[in-house]
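J.: Input: one structure, supplied below.
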Amino acid sequence: MSDITLVIGNKNYSSWSLRPWVLLRHLQLPFEELLIPLSLPDTHARIAQHGPSGRVPVLKHGELTLWESIAIGEYLCELTGNGWPRERAARAHARVVSAEMHAGFGALRAQWPMNARATGRRTPMTAELRADIERIDALWSDCRTRFGANGSWLFGDYSLADAMYAPVALRFRSYGATLSAPAMAYLETLLQDPPLQQWLAAAALEPWSIAYSEVGVAVS
Ligand SMILES: N[C@@H](CCC(=O)N[C@@H](CS)C(=O)NCC(=O)O)C(=O)O
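For the sequence shown, counting from 1, position 174 maps to 173 in numbering that gives the first Met the number 0; every step adds exactly one.
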């Protein structure tokens, strides 16, 4: 039994939960998973038993209780000595783009909610959504060009930055983002990632549906 527990929400909908989950898998840290379905009458009370913010993910390690996905990611990198680029400038840039994801892209998050099971959906394109998609395309392409030569991830080897953008890949897949060739290649890397595929397989089996996250019309 592991002394690390990750409290998460639905795998189909909880984008913030996916980030530390996929990072834990890449760092090869054994952990227990506790899934609390979101948007049910007892959700808030159940989450409150584990962390003070009323939100998931929550990471418990011994006496420590951590929340906020990016802080959990930082802790896991520190614990293992892996998960950030070794070179200082690359590491600084990886922190920048991870923080940008954690703090930003509000239009993308609101208009294209993560819905892992959904494919072939379309929503109206807004200026704000287009700007977020274009910014992420530029950011991914820039990281791949400047730092990614030694592998297929943003900074070559897998890092917390890749975990931060994993839910974006699912959104792009669900709603059909138009991307440049370098960004499209990186999107494929994210989507083919074996831990992400395992998350998707589990999401497909979940019985819950959350109406406000079911957006878009199906296209053939
Ligand atoms: N800034 C937080 C955001 C966490 C968050 O919003 N989590 C959502 C699920 S993805 C949540 O717990 N919602 C509570 C609820 O729906 O009751 C983080 O980075 O961890």
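Backbone N, C-alpha and C fix where the C-beta goes; we use that ideal spot for every residue, glycine too.
1. Looking only at C-alpha atoms, which of Phe104, Val55, Glu67 sits nearest to glutamate 127?
2. Starting from isoleucine 69, follow the alpha helix (DSSP H) in both directions and report where the run begins and ends.
3. Grouping DSSP H, G and I as helix and E and B as strand, with all else coil, what is glutamine 95?
4. Do the stretch 203-216 and the stretch 1-17 meet, that is, are 3 or more Cβ pairs less than 8 Å apart?
5. Determine contact between the stretch 144-158 and the stretch 112-126, defined as no fewer than three beta-carbon pairs at a distance below 8 Å.
6. Taking 6 Å as the line, does the beta carbon of valine 214 fall inside it for any heavy atom of ligand 1?
7. Ordered along the chain, which non-local residues of its own chain (more than five positions away) have a Cβ less than 6 Å from that of alanine 115?
8. What are the boundary residues of the beta strand (DSSP E) that includes isoleucine 7?
9. Give me the Cα-Cα distance between tryptophan 111 and valine 214, rounded to the nearest whole angstrom.
10. Which residue or residues does DSSP assign as beta-bridge partners of leucine 34?
11. Within 10 angstroms of the Cβ of arginine 85, are there 16 or more other Cβ atoms? Answer buried if so, exposed if not.
12. Does the separation of the CB atoms of arginine 33 and valine 55 fall below 7 Å?
13. Between Ile135, Ala130, Pro193, Glu77, which has its C-alpha nearest serine 97's C-alpha?
14. With three or more beta-carbon pairs closer than 8 Å as the criterion, would you say the stretch 137-157 touches the stretch 58-75?
15. Assuming tyrosine 164 and methionine 113 form a contact by the criterion Cβ under 8 Å, report the distance between their Cβ atoms to the nearest whole angstrom.
16. Would you mind stating whether serine 151 and serine 179 have Cβ atoms separated by less than 7 Å?
17. Can you tell which of Pro51, Ala148, Ser16, Pro166 has the C-alpha that lies nearest to the C-alpha of leucine 107?
18. Verify whether the separation of the beta carbon atoms of alanine 162 and arginine 18 is less than 7 Å.
19. Considering Cα atoms alone, identify which of Ser38, Ser16, Ile132, Thr144 is closest to phenylalanine 171.
T.: Let me lay it out:
1. Phe104
2. 68-79
3. The question names glutamine, but residue 95 is valine in the sequence shown. Note: valine 95 maps to helix in three-state DSSP.
4. yes
5. no
6. no
7. Asn11, Leu169, Leu199, Ala202
8. 3-7
9. 7 Å
10. Ile7
11. exposed
12. Contrary to the premise, residue 33 reads as leucine rather than arginine in this sequence. Cβ atoms of leucine 33 and valine 55: not closer than 7 Å.
13. Ile135
14. no
15. Not really, about 12 Å apart at Cβ, beyond 8 Å.
16. no
17. Pro166
18. yes
19. Ile132
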